[in-house]
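Numbering-wise (full-length UniProt numbering), the sequence shown opens with residue 1 and increments by one. Cβ atoms here follow ideal geometry from the backbone N, Cα and C, with glycine treated the same way. Model, not experiment: these values are computed from the prediction.
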Amino acid sequence: NGYFPPQFSRRNEEEVWLSCRSPGKSTLYGTLTCHGLSPDGIPEIVASEGFEVSAITKKSLLVSCSRENACSKFLAPYTSFCRIHQKSITCLDISNGGGLGVSTSADGSMKIWQAANGEIRVSMCDDPE
């Protein structure tokens, strides 16, 4: 699973990059472009060549890469991180094995957490002094 920025689904013509890589093969790079919202508030997102948007809701996006027969479900941060951060996510990464995540927030905090359940392992905050 991956994460897409909540503002992405609201900005027309906003673009995000994505990639698909398998060991021993070249990496396939692409983009997702938002073309606004449907009348019922669902983002209209189009993938570049090599990728396909398979399913989309207000809170998630399923993207597939046919070359590698792979797919990833991207979740809106407010859906997944309401217990981890109180403000907007500014940066996020998941370990190669998928066990740990690290994220920073607009409130100046950085947290390391279990990807499977969101349990916070380490929490650090900016010291205003």
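Check	Outcome
So within the segment 59-92, which uninterrupted alpha helix (DSSP H) runs reach at least 4 residues, ignoring any that extend past its ends?	77-80
For threonine 27, name the three-state secondary structure that DSSP assigns.	coil
Can you tell me the Cβ-Cβ gap for valine 46 and threonine 33, rounded? I've got them flagged as a contact below 8 Å.	5 Å
Please determine, among Glu15, Cys20, Thr31, Lys59, the residue with the shortest C-alpha to C-alpha distance to serine 72.	Cys20
Tell me the residue span of the beta strand (DSSP E) that contains glutamate 15.	15-20
By the three-class DSSP mapping on this structure, what secondary structure does isoleucine 42 have?	coil
On the DSSP bridge assignment, give the partners of threonine 104 in chain order.	Cys91, Met110
Alpha carbon to alpha carbon, how far is alanine 106 from asparagine 96? Give it in angstroms, no decimals.	25 Å
Can you tell which of Asp40, Pro39, Tyr29 has the C-alpha that lies nearest to the C-alpha of serine 64?	Tyr29
Who are the Cβ neighbours of glycine 50 in its own chain at under 8 Å, not counting the five residues just before and after it?	Cys20, Leu28, Gly30, Cys65, Ser66, Arg67
Please say whether serine 60 and histidine 85 have beta carbons closer to each other than 8 Å?	no
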